[in-house]
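Here the structure is laid out as structure tokens; the discussion comes afterwards.
In our numbering, the protein residues as written are 13 to 202.
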């Protein structure tokens with residue numbers, strides 16, 4: 013049996029007991045989890061998510077890239093349209109993990125090779141220190157004008173050795189974070 017056949021068999025078992033046809037399109041927890049694509053990091057298992065609880069966006073390292081900002085902004089816009097402007101707020105949880113393969117992207121030789129071979133610059137998204145990188149990603153969201161102020165953002169670091177997710181940054185609205193960033197930038201200039 014090849015992998016696709018195995019997965020189809022698993023899906024048939026899932027579908028046999030499927031009772032979630034009437035789930036609303038908006039996630040029940042009004043949450044987006046942005047995390048790494050690593051197979052050891054499945055937010056459904058780690059955070060106990062059920063079908064329909066949250067939107068999950070995955071990329072190399074779970075970083076706030078330009079594409080991730082566009083996804084989050086688009087989701088916020090869709091929520092606003094679908095709720096006729098009544099809702100824009102939802103939660104964004106940034107979740108990186110220990111022993112991440114994307115830490116290799118901090119190697120300048122690998123960065124150069126990726127840039128030369130594929131034309132991809134990963135220098136801005138290389139993981140060097142997960143805690144500070146998570147704070148940098150929060151700031152990256154905060155300076156993205158297309159992402160609404162009402163969205164809250166928090167950060168977790170998942171330990172693949174223990175199964176524990178540690179809070180790195182508590183939930184805060186992007187509006188409040190933007191105000192902090194603006195004050196700190198004014199203080200630096202003054």
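Virtual Cβ for every residue (Gly too), placed ideally from N, Cα, C.
A quick note: this is a predicted structure, and the numbers were derived from the prediction, not measured.
TODO: Would you tell me roughly how many angstroms separate the C-alpha atoms of residue 13 and residue 102, rounded to the nearest one?
DONE: The count along the chain shown starts at 1 and reaches residue 13 at position 1. The count along the chain shown starts at 1 and reaches residue 102 at position 90. Computed Cα separation, rounded: 42 Å.
Task: Validate contact between the region 132-145 and the region 106-120 using beta carbons, cut 8 Å, 3 pairs - done: Yes, the region 132-145 touches the region 106-120.
TODO: Assess, as a yes-or-no matter, whether the region 147-165 is touched by the region 87-101 under the definition of 3 or more beta carbon pairs within less than 8 Å.
DONE: yes
Task: Pairwise C-alpha distance: residue 95 and residue 80 - done: To locate residue 80, count along the chain shown from 1; it is residue 68. To locate residue 95, count along the chain shown from 1; it is residue 83. Cα to Cα, the separation comes out at about 22 Å.
Task: Pairwise C-alpha distance: residue 193 and residue 177 - done: What you label residue 177 is simply residue 165 of the chain shown in a count that begins at 1. What you label residue 193 is simply residue 181 of the chain shown in a count that begins at 1. So the alpha carbons of these two residues sit roughly 27 Å apart.
Task: Sufficient close CB pairs (3 or more, under 8 Å) joining the region 43-51 to the region 119-127 - done: Judged by Cβ distances under 8 Å, the region 43-51 makes no contact with the region 119-127, as fewer than three pairs qualify.
Open item on the list: According to DSSP, simplified to helix, strand and coil, what is residue 182?
Closed with: Along the chain shown, one-based indexing puts residue 182 at 170. Of the three classes helix, strand and coil, the one that applies to residue 182 here is strand, per DSSP.
TODO: Please confirm whether residue 154 and residue 116 have their CB atoms less than 7 Å apart.
DONE: Here residue 154 refers to the residue found at position 142 when the chain shown is read from its first residue. Here residue 116 refers to the residue found at position 104 when the chain shown is read from its first residue. For residue 154 and residue 116, no; Cβs fall outside 7 Å.
Task: 7 Å Cβ cutoff met for residue 58 and residue 170 - done: By 1-based counting over the chain shown, the position of residue 58 is 46. By 1-based counting over the chain shown, the position of residue 170 is 158. Yes, the Cβ-Cβ distance between residue 58 and residue 170 is below 7 Å.
TODO: Find out if the Cβ-Cβ distance for the pair residue 39, residue 56 is shorter than 7 Å.
DONE: For the purposes of this step, residue 39 is identified with residue 27 of the chain shown, where counting begins at 1. For the purposes of this step, residue 56 is identified with residue 44 of the chain shown, where counting begins at 1. Not in contact: residue 39 and residue 56 (Cβ atoms no closer than 7 Å).
- [ ] Would you mind working out which of 19, 179 and 17 sits nearest residue 105, comparing C-alpha positions?
- [x] Position 93 of the chain shown, counting from 1, holds the residue named residue 105. Per the Cα distances, 179.
TODO: Report back the beta-carbon spacing between residue 11 and residue 181 to the nearest angstrom; my notes put them in contact at under 8 Å.
DONE: Given a span of 13 to 202 for the chain in the structure shown, any question on residue 11 remains unanswerable.
TODO: Measure from the C-beta of residue 73 to each C-beta in chain B and report whether the shortest distance is under 7 Å.
DONE: Protein chain content of the structure displayed is limited to a single chain, and chain B is not contained in it.
Open item on the list: Considering only the alpha carbon of each residue, which of 138, 29 and 146 lies closest to residue 107?
Closed with: Counting from one through the chain shown, the residue named residue 107 turns up at place 95. Per the Cα distances, 146.
Open item on the list: Among 20, 54 and 23, whose alpha-carbon lies nearest the alpha-carbon of residue 175?
Closed with: Position 163 of the chain shown holds residue 175. Of 20, 54 and 23, the residue nearest in Cα terms is 54.
Open item on the list: Could you check whether residue 43 and residue 137 sit closer than 7 Å to each other, using their CB atoms as the reference points?
Closed with: By one-based count along the chain shown, residue 137 stands at place 125. By one-based count along the chain shown, residue 43 stands at place 31. Not a contact, by the Cβ cut-off of 7 Å.
Task: Rounded separation between residue 208 and residue 150 - CA only - done: This structure cannot speak to residue 208, because the chain is shown only from 13 to 202.
Task: Alpha carbon of residue 23 to alpha carbon of residue 173, nearest angstrom - done: Start at 1 with the first residue of the chain shown, and residue 23 comes out as number 11. Start at 1 with the first residue of the chain shown, and residue 173 comes out as number 161. If you take the alpha carbons of residue 23 and residue 173, they lie about 29 Å apart.
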